[in-house]
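Q: The opening residue of the sequence shown carries number 217 in our numbering; numbering runs sequentially from there.
Glycine included, every Cβ here is placed at the ideal spot set by N, Cα and C.
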Amino acid sequence: MKRRNFLKNSSAAAAGLISTSVIAAGDKKNRSEIDTAKTTQTTTPIVIATWDVSNATAKAWEVLRKGGVALDAVEQGVMVEEADVENQTVGKGGRPDREGRVTLDACIMDKDSNCGAVLCMQNISHPISVARKVMEDTPHVMLAGLGAEQFAYEKGFKKEDLLTEKSKKEWLEWKKTSKYQPVINIENHDTIGMLAIDKNGDIAGACTTSGMAYKISGRVGDSPIIGAGLFIDNQVGGATATGVGEEVVRTVGSFLIVELMRQGKTPQQACEEGVNRIIEKNRGKLNFQIGFIAVNKKGETGGYCIQPGFSYRTYNKDGHINTPSKSHIKA
Ligand code: ASP
217 MKRRNFLKNS SAAAAGLIST SVIAAGDKKN RSEIDTAKTT QTTTPIVIAT
267 WDVSNATAKA WEVLRKGGVA LDAVEQGVMV EEADVENQTV GKGGRPDREG
317 RVTLDACIMD KDSNCGAVLC MQNISHPISV ARKVMEDTPH VMLAGLGAEQ
367 FAYEKGFKKE DLLTEKSKKE WLEWKKTSKY QPVINIENHD TIGMLAIDKN
417 GDIAGACTTS GMAYKISGRV GDSPIIGAGL FIDNQVGGAT ATGVGEEVVR
467 TVGSFLIVEL MRQGKTPQQA CEEGVNRIIE KNRGKLNFQI GFIAVNKKGE
517 TGGYCIQPGF SYRTYNKDGH INTPSKSHIK A
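1. Do you know how far the Cα of residue 261 is from the Cα of residue 358?
2. For ligand 1, is there a heavy atom less than 7 Å away from the beta-carbon of residue 491?
3. For residue 319, which option in 283, 413 and 310 has the closest C-alpha, if you only look at C-alpha atoms?
4. Based on the DSSP secondary-structure assignment, which residues constitute the bridge partners of residue 508?
5. When burial is assigned at 16 or more other CB atoms within 10 Å of the CB, is residue 355 buried or exposed?
6. Considering only heavy atoms of ligand 1, does any lie closer than 7 Å to the CB of residue 468?
7. With residue 493 as the anchor, note down where its alpha helix (DSSP H) starts and where it stops.
8. According to DSSP, simplified to helix, strand and coil, what is residue 468?
9. Are the beta-carbon atoms of residue 453 and residue 513 separated by less than 8 Å?
10. In this structure, how does DSSP classify residue 325 when only helix, strand and coil are distinguished?
11. Can you give me the C-alpha to C-alpha distance between residue 369 and residue 349, rounded to a whole angstrom?
12. Between the alpha carbons of residue 428 and residue 408, how many angstroms are there, rounded?
13. Quick one: Cα of residue 415 to Cα of residue 285, how far?
14. Any idea what DSSP makes of residue 353, helix, strand or coil?
15. Taking the DSSP output, what are the residues bridged to residue 447?
16. Between 278, 461 and 455, which lies nearest to residue 484 when the distance is taken from Cα to Cα?
17. Out of 412, 487, 392 and 491, which one is the CA nearest neighbour of residue 531?
18. Tell me, please, which residues DSSP counts as bridged to residue 267.
19. Using only the alpha-carbon positions, how far apart do residue 516 and residue 419 sit?
20. If you run the structure through DSSP and keep just helix, strand and coil, what is residue 540?
21. Three or more C-beta pairs closer than 8 Å, one from the stretch 382 to 394 and one from the stretch 321 to 334: is that the case here?
22. Rounded C-beta distance between residue 491 and residue 471? I'm assuming under 8 Å.
23. Sorry if obvious, but does the Cβ on residue 569 come closer than 7 Å to a heavy atom of ligand 1?
24. Got a sec? Which residues, its chain only, sit under 6 Å from residue 467 by beta carbon, not counting five neighbours each side?
25. In angstroms, rounded to a whole number, what distance separates the CA positions of residue 406 and residue 528?
26. Taking DSSP's pairing of strands, which residues face residue 335 in a bridge?
27. Strictly by DSSP, which residues pair up with residue 412?
28. So is residue 542 buried or exposed if we call it buried at 16+ other beta carbons inside 10 Å?
29. Would you tell me roughly how many angstroms separate the C-alpha atoms of residue 521 and residue 488, rounded to the nearest one?
30. CB-CB under 7 Å to residue 302, same chain, minus the five flanking residues each way: which ones, in chain order?
31. Would you identify the three-state DSSP class for residue 280, choosing helix, strand or coil?
32. On the DSSP letters alone, give me the boundaries of the alpha helix (DSSP H) that residue 286 sits inside.
33. Express the C-alpha separation of residue 304 and residue 171 in angstroms, rounding to a whole number.
34. Can you check DSSP and say which residues form a bridge with residue 502?
35. So what's residue 545 in DSSP terms, helix, strand or just coil?
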């Protein structure tokens with residue numbers, strides 16, 4: 217990763233002294249495996265994302281560092297993963313449904329509780345940007361399937377084949393047995409959810425995925441559902457999810473976590489309570505993964521998951537850190 221300069225402190229950012237108050241935090245790049253007890257972040261601006269998506273968080277931080285708003289930061293941040301064909305769970309290169317179609321889901325939410333989403337959309341590599349257009353240019357919140365795709369073309373998005381040779385080959389291999397077992401899977405479940413707080417203290421979030429690999433055609437999970445895969449309340453904080461979407465929808469997980477923070481829980485406590493709610497509903501049958509991350513208005517962060525293996529990236533003036541999440545089931 218390139219060496220970058222970072223804001224010395226958030227008050228400098230608030231005062232607009234971005235270009236003059238900098239430290240070289242590239243020195244801290246080896247702090248990737250740190251004690252989760254020390255991960256609470258207390259300064260803004262900040263970005264946090266599900267999984268170790270360092271290129272995405274670096275992009276979002278670049279936007280924040282230059283004084284950009286949280287909404288632009290999260291959109292541009294997750295676009296990095298949507299464009300990465302090596303990432304087979306988001307955007308172009310995502311694994312297809314059982315018919316071989318790559319269908320994408322995404323949603324975005326801003327500081328004023330405006331939101332937009334696209335569901336089960338094909339042939340467009342940046343669903344997050346289409347979701348933003350839904351939010352900004354229509355009176356609606358969600359567009360699905362062919363309607364979303366048509367809307368995207370009207371807004372100037374280009375048609376692209378999203379099925380890469382690698383994903384196609386794997387799908388053809390899968391078809392030999394067609395075994396549909398959406399159970400524990402770190403690899404098959406890595407939606408990118410991203411939350412950011414900008415220099416004004418405003419919060420925005422984005423969530424984007426190709427969903428569960430080899431899903432039944434038309435299946436949509438939690439990721440484009442406001443309140444489930446993502447929720448922002450600018451007075452309180454934000455939360456976003458990764459993992460088996462059906463379980464997140466059942467508890468309206470991200471909304472729940474934000475409400476728990478409103479009641480006084482820290483982001484860490486709220487994420488743990490959100491995961492525990494899902495655990496209770498499943499009465500001990502925990503053969504799947506769920507991970508939540510959250511940030512509150514102060515810039516404190518948290519993350520929690522069921523299975524070991526989930527991590528999240530944060531980027532603020534203190535550095536660019538990958539934090540292995542605490543998990544209900546221990547490694
Ligand atoms: N949450 C996504 C879904 O259920 C899957 C994932 O996190 O990869 O569609």
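A: So, to answer that:
1. Whole-angstrom Cα-Cα distance: 29 Å.
2. No, the Cβ of residue 491 stays beyond 7 Å of every heavy atom of ligand 1.
3. Selected option, being the one with the closest Cα: 310.
4. The partner list for residue 508 (beta bridge, DSSP) reads 457 and 520.
5. Per the 10 Å Cβ criterion, exposed.
6. No, Cβ of residue 468 sits at least 7 Å from all heavy atoms of ligand 1.
7. Here the alpha helix (DSSP H) through residue 493 covers 483 to 497.
8. The answer is coil: DSSP assigns residue 468 none of H, G, I, E or B.
9. Result yes, Cβ atoms of residue 453 and residue 513 sit closer than 8 Å.
10. Under the three-state reduction of DSSP output, residue 325 falls in the strand class.
11. Distance between residue 369 and residue 349, taken at the CA atoms: about 11 Å.
12. Residue 428 and residue 408: Cα-Cα distance of roughly 13 Å.
13. Between residue 415 and residue 285, the C-alpha separation is close to 8 Å.
14. Three-state DSSP puts residue 353 in a helix.
15. DSSP, once it has assigned bridges, lists 455 as partnering residue 447.
16. When only C-alpha atoms are compared, the closest one is 455.
17. Proximity to residue 531 across 412, 487, 392 and 491 peaks at 412, based on C-alpha coordinates.
18. When beta bridges are read from the DSSP output, residue 267 appears opposite 528.
19. Separation of residue 516 and residue 419 (C-alpha to C-alpha, rounded to the nearest whole angstrom) is 13 Å.
20. Assignment of residue 540 by DSSP, reduced to helix, strand and coil, places it in the strand class.
21. Using a Cβ-Cβ distance cut-off of 8 Å, the stretch 382 to 394 and the stretch 321 to 334 are not in contact, since fewer than three pairs of beta carbons, one from each stretch, lie closer than that value.
22. With 8 Å as the limit, residue 491 and residue 471 do not qualify as a contact, their Cβ atoms being about 15 Å apart.
23. No answer is possible for residue 569: it lies beyond the span of the chain, which begins at 217 and ends at 547.
24. Within the same chain, residue 467 has close Cβ partners 493 and 494.
25. Our two residues, residue 406 and residue 528, have alpha carbons roughly 11 Å apart in a direct line.
26. Answer is 360.
27. Beta-bridge annotation (DSSP): residue 412 is paired with 263 and 420.
28. With 16 or more neighbouring CB atoms inside 10 Å of its own CB, residue 542 falls in the buried class.
29. One C-alpha to the other measures close to 8 Å.
30. Once the five neighbours on either side are set aside, the close Cβ partners of residue 302 are 309.
31. Helix, per DSSP.
32. Per DSSP, residue 286 is one residue of the alpha helix (DSSP H) stretching across 286 to 299.
33. Past the boundaries of the shown model lies residue 171; the chain is included only from 217 to 547, so the question cannot be answered.
34. Residue 502 pairs with nothing; no bridge assigned.
35. Residue state for residue 545 is assigned as coil, using DSSP reduced to three classes.
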